[in-house]
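Here's the structure, in structure tokens; my notes come after.
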Amino acid sequence: MVEKNSVAAIRVRSATHLRLGAVAVKQIRNLSRMQLIRTLAAWRPDLTGFRDPTTATKIALKHLARRYLELHDEIADFDRPIHALVEELEPTLLERVGVGYQSAAQLLITAGANPEGLTSEASFAMLCGAAPLPASSGMTTRHRHNRGDDRAANSALHMIAVSRWRMDPKTQAYVARKRAFGHSNPEILRCLKRFITREILYLLKDCDRVTPQSHRPLDTPKGVNGTPYTSKESADVPGVGCAPFARDRRNMTTR
């Protein structure tokens, strides 16, 4: 990410201030990310001309692009074992709309490192930074995003919520209803992330490999015969889960 942003910043400065020349600017204009990176990595600037601002900029862009490609390959190497571990630990996470390998891996890491955060929906939401914070004023009742706790887990929830917002019809219908009631996009996103934490929590509670048995939550909802509900069953049980979302949970995305 740092290398990509650095390349973008240098490219803008080069085109506007250093004036690389019509040919060089045309080469890097309107390219996709990987096309830009590979084009810059293939440049062959004169290394002896480093005192010239234009040549120095080309040298910097070339080295940043090469570093980006190296990191890209390293990430690909790490992705393979991560994919295998996620499929081994909790493959049902990947069956949910918008949940990819990286998001699932981060949520598993957060849950495994903080077993005390799985004791309730509220504690898990607080752990992931998805617990709503009061921001009311006068006659207006509002909540805002929680900026604390595990930001990596919150980022994973954010990516899942954005993916569902863009491509899932049920989530889009939910967003439309929320907008009809006057909710802003940040408020809707907060609701989506809070719902996703509830969904993920019950999946993790069903997974014995996430936390040791001695740290298993004791408040898992029970059925009439005393057996715990599964994540799918609990979604249909009135009164189980986060009260603010009870009236909307049947219209949210589950698969």
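Using numbering that gives the first Met the number 0, the first residue of the sequence shown is number 0, and each one after it goes up by one. C-beta atoms are modelled at their ideal positions from N, C-alpha and C, and glycine is treated no differently. For clarity, every value in this text was computed on a predicted model and none was experimentally measured.
Leu30 sits in coil when the DSSP states are folded into three classes, being neither helix nor strand. Counting only the Cα atoms, His71 lies some 16 Å from Leu60. Ranked by Cα distance from Leu68, the first of Glu94, His82, Leu39 is Leu39. In this chain, Ala130 is not harboured by any alpha helix (DSSP H), its DSSP state being neither H nor E. Three or more beta-carbon pairs drawn from the stretch 151 to 165 and the stretch 117 to 129 are found closer than 8 Å, and the two stretches are therefore classed as touching.
Nearest C-alpha to Lys57 among Leu35, Gln105, Glu120: Leu35. Shown here for Ala104: same chain residues with a beta carbon closer than 6 Å to its own, the five before and five after excluded, namely Ile81, Val85 in chain order.
Exposed is the label assigned to Glu87, since fewer than 16 other Cβ atoms lie within 10 Å of its Cβ. For Pro44, the three-state secondary structure derived from DSSP is coil. Around the CB of Thr196, 16 or more other CB atoms lie within 10 Å, so the residue is classed as buried.
For the pair of segments examined, the stretch 158 to 174 was found to touch the stretch 97 to 112: the number of CB pairs separated by less than 8 Å reaches three. A straight line joining the alpha-carbon of Leu63 with that of His182 spans about 43 Å. Leu106 and Arg28 have their C-alpha atoms roughly 38 Å apart. Within the same chain, and ignoring the five residues on either side of Ala151 in sequence, the residues whose Cβ sits closer than 6 Å to its Cβ are Gln105. Judged by their CB atoms, Leu200 and Phe123 are nearer to each other than the 7 Å cut-off. Within the model, the alpha-carbon separation for Thr109 versus Asp149 is close to 8 Å.
In chain order, Pro44, Asp45, Gly48 place their CB closer than 8 Å to the CB of Thr54, counting only its own chain and leaving out the 5 sequence neighbours on each side.
Cβ-Cβ distances below 8 Å link Arg37 to Ala64, Leu68 in the same chain, with the five nearest sequence neighbours on each side left out; the list follows chain order.
Distance from Lys204 to Leu117 at the Cβ level is roughly 7 Å; contact confirmed, criterion being Cβ atoms closer than 8 Å.
Here DSSP, grouped into helix, strand and coil, assigns Arg163 to helix.
In the structure shown, Ser102 adopts helical secondary structure according to DSSP, grouped into three states. The three-state secondary structure of Val96, taken from DSSP, is coil.
A straight line joining the alpha-carbon of Glu186 with that of Asp78 spans about 33 Å. The continuous stretches of alpha helix (DSSP H) do not include Asn113, and DSSP gives it neither H nor E.
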